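Trainee:
In this note's numbering, the protein residues as written are 380 to 506.
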């Protein structure tokens, strides 16, 4: 048994320590790109890239601004999204769909296309 009155030293004879803890919360900023090609010459039009939840035609959770003008050559033209606002977190993780639509300015010589991509995101902040 320790009696404080029996210790005449100027310092504590015990070291008191505590524990620490922390949390983390990751998020995912989805982004995509599309490259438009034409087998001959150049092709002008617009590319729209939208991120949907549920299905490729589900609710739009992010859109790449508005239509992005593009001029495609045989080398291709690439459009890249710049999402800094919509975040996938542990609470809204799941399956998301990118819908890419190319609409040519002149449909006499070229057709447009629609493409759908899927991403499934799982976030576990406490493995």
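Beta carbons: idealized from backbone N, C-alpha and C, even for Gly. Bear in mind the structure is a predicted one, so any value in this text is a computation, not a measurement.
(1) Helix, strand or coil for residue 489 per DSSP?
(2) Tell me which residues share the same chain as residue 494 and place their Cβ nearer than 6 Å to its Cβ, disregarding the 5 neighbours each side in the sequence.
(3) Nearest by alpha-carbon distance to residue 496: which of 502, 463, 430 is it?
(4) Going by beta-carbon coordinates alone, are residue 409 and residue 471 separated by less than 8 Å?
(5) With 16 other CB atoms within 10 Å as the buried threshold, where does residue 454 fall?
(6) Tell whether a beta-carbon distance below 8 Å holds between residue 505 and residue 404.
(7) Would you call residue 451 buried or exposed, if buried means 16 or more other Cβ atoms sit within 10 Å of its Cβ?
(8) Can you tell me which residues form a DSSP beta bridge with residue 470?
(9) Identify the continuous beta strand (DSSP E) that holds residue 428 and give its terminal residues.
(10) Rounded to the nearest angstrom, what separates residue 507 and residue 393 at their Cα positions?
(11) So residue 439 is in the beta strand (DSSP E); what residue range does that whole segment cover?
Mentor: In short, the structure shows the following:
(1) For this step, residue 489 is matched to residue 110 along the chain shown. Here residue 489 carries a coil assignment [DSSP, helix/strand/coil].
(2) Taking the chain shown and counting its residues from 1, the one referred to as residue 494 is at position 115. Correct list, in chain order: 479.
(3) For the purposes of this step, residue 496 is identified with residue 117 of the chain shown, where counting begins at 1. When 502, 463, 430 are compared, the shortest CA-CA separation from residue 496 is found for 430.
(4) The residue labelled residue 409 in the question sits at position 30 within the chain shown. The residue labelled residue 471 in the question sits at position 92 within the chain shown. Not a contact, by the Cβ cut-off of 8 Å.
(5) Within the chain shown, numbered from 1, the residue matching residue 454 stands at position 75. Residue environment: residue 454 is assigned as exposed (fewer than 16 neighbouring CB atoms within 10 Å of its CB, all protein chains considered).
(6) Numbered from its first residue, the chain shown carries residue 505 at position 126. Numbered from its first residue, the chain shown carries residue 404 at position 25. Contact flag unset, no.
(7) Locating residue 451 in the chain shown gives position 72, counting from the first residue. Answer is buried; the Cβ neighbour count reaches 16.
(8) Numbered from its first residue, the chain shown carries residue 470 at position 91. In the DSSP output, where bridge partners are listed per residue, residue 470 has none listed.
(9) On the chain shown, residue 428 is found 49 positions in, with the first residue counted as 1. Element bounds for residue 428: 422 to 432.
(10) This structure gives no information on residue 507, because the portion of the chain shown stretches from 380 to 506.
(11) Taking the first residue of the chain shown as position 1, residue 439 is located at position 60. First-last of the beta strand (DSSP E) with residue 439: 439 to 442.
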